[in-house]
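Going by the working numbering, the residue at position 156 of the sequence shown is 1385; the numbering climbs one at a time, nothing skipped. For every residue, glycine included, the Cβ atom is placed at its ideal position computed from N, Cα and C. A short worksheet on the structure shown next.
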Amino acid sequence: MVLILELGFISKLIPNAVYHSSPLFYIPFFSYFFQSQISMNKKLVANFGIIFLISSFVFFSLEGFDKYSVLAGTSMSIAYIVYCLLWFLSQVINPDQYSLLKKQTFWISCSLIIWSVFFIFRSIPMYWLNIHDYAFLIQINIGFQIITIFSYLLFLKGLFCKI
């Protein structure tokens, strides 16, 4: 889904408003994904998904769909963190005979939680750093790009897992 949006945005097939509103697509997608992976309390995951989706929509409505909403992106990142922590908790409460390292959802959760934490670390002070310490902002952006590549590698590792 990310690849399709990125390619569509680069080739100008997808307008900026659709690209900038990507959290409105990603939140329900990962809500559905984690509902299918968490055996306990699927309604809790769905309720969190609805809350984060509504909050992202409100942020976009207030700020406009013509630019990327940092608040909606932060809401999406918090949703990812909550989903991942709920999945990890379900694995602790209901262990099975399979190693976590062999589970696809483990690698996806690790990737999402790492990416989300760094996204929040980069995006919240972004405007302040742009004015007060631009050099540090550049370093944070480079670090974020490295973390994004690392997260994609964790996704790739998860693709090769059978469980």
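In chain order, which beta strand (DSSP E) runs of at least 3 residues are fully inside the stretch 1268-1345? none
Quick one: give me the first and last residue of the alpha helix (DSSP H) that Leu1366 is part of. Tyr1363 to Leu1388
DSSP-derived helix/strand/coil call for Leu1242: coil
Validate contact between the stretch 1293-1300 and the stretch 1247-1254 using beta carbons, cut 8 Å, 3 pairs: They touch, by the three-pair rule.
Is Leu1315 buried or exposed, if buried means 16 or more other CB atoms sit within 10 Å of its CB? buried
Name the residue from Phe1281, Gln1333 and Thr1377 whose alpha carbon lies nearest to the alpha carbon of Ser1345. Thr1377
Excluding five sequence neighbours on each side, which residues of the same chain lie with their C-beta closer than 8 Å to the C-beta of Tyr1381? Leaving aside the five residues that flank Tyr1381 on each side, the residues in its chain whose CB is nearer than 8 Å to its CB run, in chain order, Ser1340.
Return yes when the Cβ of Ile1342 is within less than 8 Å of the Cβ of Ile1310, no when it is not. Result yes, Cβ atoms of Ile1310 and Ile1342 sit closer than 8 Å.
Bounding residues of the alpha helix (DSSP H) (the contiguous stretch that carries Pro1252): Pro1252 to Gln1266
Of all the options Lys1272, Ser1268, Ile1283 and Leu1253, which has the alpha carbon lying nearest to the alpha carbon of Val1321? When only C-alpha atoms are compared, the closest one is Ser1268.
Ser1290 beta carbon less than 8 Å from that of Ser1304: no
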